[in-house]
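Student: For reference, the structure I am asking about is given below.
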Amino acid sequence: MANLSNQLTELYLGGNQLSGTIPEGFGNFVNLYLLGLELNSLSGVIPRDFGKLQNLQFLNLGQNVLSGQIVSTLCNATGLSALDLSTNHENSFTGSLLPEVGKLIHLVDFDVSHNQLAGDMPISLADCSDLENLFMQSNFFQGTIPPNLASWKSIQQLDLSSNNLTGPIPKELEKLQFLSYLNLSYNDIEGEIPNTGVFSNARKLKVVILLSIVLPGTLLLLGALLLYFLVYRKRERRMVAGFSSMPSRTDELLQLSYHELLRATSGFSPENLIGSGNFGAVYKGRLEKHGNKLVAVKVLDLQKNGASKSFKAECKALRNIRHRNLVSIVSYCSSIDSKGDEFKALIYEFMENGNLDLWLHPSETTDQATSSRSLNLSQKLNIAIDVASALQYLHSHCEAEIVHCDLKPSNILLDNDLVAHVGDFGLARLLPKPINTSSEQRTSSTIAIKGSIGYAAPGNYNSQPFYGQDVT
Numbered sequence: 001m002a003n004l005s006n007q008l009t010e011l012y013l014g015g016n017q018l019s020g021t022i023p024e025g026f027g028n029f030v031n032l033y034l035l036g037l038e039l040n041s042l043s044g045v046i047p048r049d050f051g052k053l054q055n056l057q058f059l060n061l062g063q064n065v066l067s068g069q070i071v072s073t074l075c076n077a078t079g080l081s082a083l084d085l086s087t088n089h090e091n092s093f094t095g096s097l098l099p100e101v102g103k104l105i106h107l108v109d110f111d112v113s114h115n116q117l118a119g120d121m122p123i124s125l126a127d128c129s130d131l132e133n134l135f136m137q138s139n140f141f142q143g144t145i146p147p148n149l150a151s152w153k154s155i156q157q158l159d160l161s162s163n164n165l166t167g168p169i170p171k172e173l174e175k176l177q178f179l180s181y182l183n184l185s186y187n188d189i190e191g192e193i194p195n196t197g198v199f200s201n202a203r204k205l206k207v208v209i210l211l212s213i214v215l216p217g218t219l220l221l222l223g224a225l226l227l228y229f230l231v232y233r234k235r236e237r238r239m240v241a242g243f244s245s246m247p248s249r250t251d252e253l254l255q256l257s258y259h260e261l262l263r264a265t266s267g268f269s270p271e272n273l274i275g276s277g278n279f280g281a282v283y284k285g286r287l288e289k290h291g292n293k294l295v296a297v298k299v300l301d302l303q304k305n306g307a308s309k310s311f312k313a314e315c316k317a318l319r320n321i322r323h324r325n326l327v328s329i330v331s332y333c334s335s336i337d338s339k340g341d342e343f344k345a346l347i348y349e350f351m352e353n354g355n356l357d358l359w360l361h362p363s364e365t366t367d368q369a370t371s372s373r374s375l376n377l378s379q380k381l382n383i384a385i386d387v388a389s390a391l392q393y394l395h396s397h398c399e400a401e402i403v404h405c406d407l408k409p410s411n412i413l414l415d416n417d418l419v420a421h422v423g424d425f426g427l428a429r430l431l432p433k434p435i436n437t438s439s440e441q442r443t444s445s446t447i448a449i450k451g452s453i454g455y456a457a458p459g460n461y462n463s464q465p466f467y468g469q470d471v472t
C-alpha cells in the first residue's frame, strides 16, 4: 500500500474481522480524507502519525478493542469533520479528554461514548464551533458542565448521560437555538431546569434528566410514585425522563447532519440533481453510514418566499402518517451550512422511476433514458388506484384530515415496481375533523390563492374551502 501514499483518498475496512494493532504508516497517506476501521477487533493504541493526516475528514475507530489514552497528536488532524471513538463496551480509552481537542475546529460529529474517560470536560470544546452532534455518555467525566459551551452555534444533539457530572445545568445553554436533544440523566446534577430560551420551546427540545432524590426506605418509593404522577399530569412541560413529547414517527427518523448530506450528494453536485420545484432542488444521495441507502434530498431555497413555511407544512403533514402510496420520509435537517447560512432539507426514500409526468410526457425530456418510456392501460389504471388509495387515507384515516393542495403528475413518484407514491406536501393543509360536517359551519384560515402555477386546488380560489377531496 506504500505505493498508494499519494493516491489513496478513501479506505473502508469496517465490519471485518481484523485484529492486532493499527500499524504505523497511515500518516504517509497524505490525501486520505476518509478512514473507516470500525466494527473489527483491533487492539492497542491510536497511532501517533494519524495527526499527520491534514486532509482527513472522517475517522471511525468505533467498536474495536482499542485502549490507552486518546493521543494529543490526533488533534493535529485539524480537518476532521466526523470522529467516532465509541465502543459499545469494546473500546476502553482511558485518561482525560485533552484540551487539544479544541484544535478540531471543523468537527461536526464527535462520539467518545462508552469508554473509561475521566476528568473534567475540557472548556476548549467550545472552540469546536461547528459541532452538531456530541456524544460523551457512559464515561467517568466529572466536574461541572462548562458554561462556555453556549458559544456552539450549530449543536443539535448533546448526550452527557451516565457520567459523574455535578452542579447545575448552566443557564447559558438556553442560547443553543438549534438544540433538539439533551440527555443529562444518571449524573449528580442539581438545581433548577432552565425555562427560557431553547428550554421554553417544549415541542422542539427533548430533555432527559434523572432527578436524584435520596430518601430512606418507603419515602424513596413514595417519592418516586409522586414524581411519576406529577410528570404524567404535567406532560405539557416535556421535561421528563423519556420521549413522550415527540411524535411517534420522529424517533424512527435517521439523525443526519448537514455534512452527511453534503457528502451523500457529492457536495450537491449538478450530476446528482434530479429535479427542482417552486421552493428548492432535489438531489440523489447515498448515505454511507446507513448501508449506502439511496435517498432523495430536497434542499429548500430559503431565499424564496414561502420556502420556510413549506418546510414546516411538510414536516407537520408527514410526521405521523404512513401508507404504501405516500412517499416515505427518511429524515430532515435544519442546520447551518458551510457558509454560516440557515439550511433546511427533507430526505425521502429514493424512487427509481422518477415522477409520473416523465412517463406521461416522455417526448418533452431530453434524457434518452426516459424519452422512450410509456405506460400501458393496465399500468395507468394501477397508478390511478394507488393515488386514490393515498387520498382516501389522507382524507379519512388520519387524525386530522390532510388536503394535499398540489396534486399533479410531477408530485406522483414511481418506485421500481411502478407503484405510485404521492409526494411534496409543501402546500398541504391539516383540517381538524369537525363535529358538524355542513360546509356552512366550517372555517378556513386561507387568505390567498394557493397552488401550482396554472392550478389551484378547489377551495383555494376563495375563502370558502372545498372539503371533500383533492382533484387531479
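Number 368 in the UniProt record's numbering belongs to position 368 of the sequence shown; there are no gaps in the numbering.
Glycine included, C-beta positions come from ideal geometry on N, C-alpha and C.
1. Tell me which residue opens and which closes the beta strand (DSSP E) that residue 195 is part of.
2. Run through the stretch 325-395 for me and flag every whole beta strand (DSSP E) of 3 or more residues, listed as ranges in chain order.
3. According to DSSP, which residues form a beta bridge with residue 10?
4. To the nearest angstrom, report how far apart residue 114 and residue 268 are at their CA atoms.
5. Do residue 78 and residue 98 have their C-beta atoms within less than 8 Å of each other?
6. What separation, rounded to the nearest whole angstrom, lies between the Cα atoms of residue 326 and residue 155?
7. Which two residues bound the contiguous beta strand (DSSP E) that contains residue 296?
8. Since residue 264 is in the beta strand (DSSP E), which residue starts that stretch and which ends it?
9. I'd like to know whether the C-beta atoms of residue 93 and residue 70 end up nearer to each other than 8 Å.
10. Just checking my contact of residue 85 with residue 62 at CB under 8 Å: how many whole Å lie between their CB atoms?
11. According to the neighbour-count rule (16 or more other Cβ atoms, all chains shown, within 10 Å of its Cβ), is residue 166 buried or exposed?
12. Using three-state DSSP, classify residue 18 as helix, strand or coil.
13. Helix, strand or coil: how does DSSP classify residue 420 here?
14. Thinking C-alpha only, which one of 127, 300, 355 is nearest residue 337?
15. For the beta strand (DSSP E) that contains residue 135, what are its first and last residues?
16. What do you get for residue 459, buried or exposed, if any count of 16 or more other CB atoms within 10 angstroms of its CB means buried?
17. Helix or strand or just coil, what does DSSP make of residue 58?
18. Determine the closest residue to residue 125 out of 118, 147, 116, 358, with distance taken between C-alpha atoms.
19. State the CB to CB distance for the pair residue 141 and residue 121, rounded to an integer number of angstroms; the pair is presumed to be in contact (CB under 8 Å).
20. With a Cβ-Cβ cutoff of 8 Å, do residue 295 and residue 350 count as a contact?
21. Locate the beta strand (DSSP E) running through residue 284, then write down its first and last residues.
22. By Cβ distance, which residues of its chain are closer than 8 Å to residue 16, with the 5 residues on each side in sequence left out?
23. My guess is that residue 403 and residue 428 are in contact by the Cβ rule of under 8 Å, so how many angstroms apart are they, rounded?
24. Within its chain, find whatever has a CB closer than 6 Å to the CB of residue 60; leave out the 5 residues flanking it on each side and keep chain order.
25. Name the DSSP bridge partner or partners of residue 68?
26. Taking 8 Å as the cut-off, decide whether the C-beta atoms of residue 353 and residue 416 are in contact.
27. Taking only the alpha-carbon atoms, compute the straight-line gap between residue 10 and residue 64 and give it to the nearest angstrom.
28. Distance, Cα to Cα, residue 194 vs residue 359?
29. CA-CA distance, residue 339 and residue 271?
30. Alpha carbons only, please: which of 400, 257, 55 is nearest the one belonging to residue 30?
31. Figure out for me which residue from 74, 119, 420, 80 has the closest Cα to the Cα of residue 96.
32. Exposed or buried, which one is residue 186 when buried takes at least 16 other CB atoms within 10 Å?
33. Give me the Cα-Cα distance between residue 191 and residue 6, rounded to the nearest whole angstrom.
34. Pull up the distance between the alpha-carbon of residue 361 and that of residue 260, whole angstroms please.
35. Alpha carbon to alpha carbon, what distance is there between residue 143 and residue 27?
36. Taking the continuous beta strand (DSSP E) assigned at residue 157, which residues delimit it?
Tutor: Once the coordinates are examined:
1. No beta strand (DSSP E) contains residue 195, which DSSP labels as neither H nor E.
2. The qualifying runs are 329-336, 342-349.
3. 34.
4. Between residue 114 and residue 268, the C-alpha separation is close to 34 Å.
5. Contact flag unset, no.
6. Those two C-alpha atoms are separated by around 32 Å.
7. It spans 293-300 - the beta strand (DSSP E) in which residue 296 sits, taken as one unbroken run.
8. That residue, residue 264, is in no beta strand (DSSP E); its alpha helix (DSSP H) goes 258-264.
9. Closer than 8 Å, so yes.
10. The beta carbons of residue 85 and residue 62 sit about 6 Å from each other, so the pair counts as a contact at 8 Å.
11. Label assigned to residue 166: exposed.
12. Assigned with DSSP and collapsed to three states, residue 18 falls in coil, not helix or strand.
13. In the three-state reduction of the DSSP assignment, residue 420 falls in the strand class.
14. Closest in alpha carbon position to residue 337, among 127, 300, 355, is 300.
15. Run containing residue 135: 133-135, per the beta strand (DSSP E) assignment.
16. The predicted model places residue 459 with a pLDDT of 45, which falls under 50 and marks its position as unreliable, so this point remains unresolved.
17. In this structure, residue 58 counts as strand in the three-state DSSP scheme.
18. For residue 125, the nearest C-alpha among the options comes from 147.
19. About 6 Å separates the Cβ atoms of residue 141 and residue 121, confirming a contact at the 8 Å cut-off.
20. Taking 8 Å as the Cβ cut-off, residue 295 and residue 350 qualify as a contacting pair.
21. 280-287 is the span of the beta strand (DSSP E), which, as asked, contains residue 284.
22. So the qualifying residues of the chain are 39, 40.
23. Confirmed, about 7 Å.
24. Same-chain partners within the cutoff: 36, 38, 84.
25. Answer is 93, bridged to residue 68.
26. For the pair residue 353 and residue 416, the CB atoms are nearer than the 8 Å cut-off.
27. Whole-angstrom Cα-Cα distance: 20 Å.
28. Rounded to whole angstroms, residue 194 to residue 359 spans 55 Å at the Cα level.
29. Taking the straight line joining both Cα atoms gives about 22 Å.
30. The shortest C-alpha separation from residue 30 is found at 55.
31. Checking every option, the nearest Cα to that of residue 96 belongs to 119.
32. With 16 or more Cβ atoms within 10 Å of its Cβ, residue 186 is classed as buried.
33. For residue 191 and residue 6, the distance between alpha carbons rounds to 55 Å.
34. Answer to the nearest angstrom: the Cα atoms are 35 Å apart.
35. Approximately 35 Å, taken between the alpha carbons.
36. Start and end: 157-159.
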